[in-house]
Amino acid sequence: MDLPPAITTYLTAHNARDVDSAIAAYASDAVVIDDGRSHHGTDAVRAWLAGAAAEYTYTTELIAATRLDEERYDVVQHLEGDFPGGAVDLHYRFTLRGSSIVRLVVEP
Numbered sequence: 014m015d016l017p018p019a020i021t022t023y024l025t026a027h028n029a030r031d032v033d034s035a036i037a038a039y040a041s042d043a044v045v046i047d048d049g050r051s052h053h054g055t056d057a058v059r060a061w062l063a064g065a066a067a068e069y070t071y072t073t074e075l076i077a078a079t080r081l082d083e084e085r086y087d088v089v090q091h092l093e094g095d096f097p098g099g100a101v102d103l104h105y106r107f108t109l110r111g112s113s114i115v116r117l118v119v120e121p
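Numbering-wise, the sequence shown is residues 14 to 121 according to the numbering used here.
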């Protein structure tokens, strides 16, 4: 499936641990929900991205992508690394506004 540029930019940059390029895909009022915590706005999302990049070493593999409607996409990635459990499939549930990510929910 062809994903919108904002999502492919984010995924590529996040996998490369390139926080500056990843944050460029987000709207200034974006919200990220991960591990039960909400991160509101560019500064909070940047801090979340930087923390996620530094906390563990892992690899990702895109295993599925579904367009839910005009603005929402569900992307499933398989992660393996030195985090608790060592392997997990995570859903990245994106909501777009125009060409930017306005919401991302990361959950199993």
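Where is the CB? At the ideal position from N, CA and C, for every residue including glycine.
Proximity to residue i [Cα-Cα], best of the options
i, options, result
"residue 38", "96, 20, 69, 118", "20"
"residue 98", "63, 30, 33, 70", "70"
"residue 63", "100, 49, 31, 48", "31"
"residue 85", "50, 111, 27, 65", "111"
Proximal residues to residue i (C-beta, below 8 Å), its chain only, five neighbours per side dropped
i, result
"residue 52", "44, 45, 46, 58, 60, 61"
"residue 113", "19, 38, 39, 40, 43"
Nonlocal neighbours in the same chain, by C-beta distance under 6 Å from residue i, ignoring five residues either side
i, result
"residue 106", "87, 118"
"residue 26", "34, 35"
Beta carbon of residue i nearer than 8 Å to that of residue j
i, j, result
"residue 75", "residue 17", "no"
"residue 95", "residue 121", "no"
"residue 92", "residue 79", "no"
"residue 22", "residue 36", "no"
"residue 104", "residue 115", "no"
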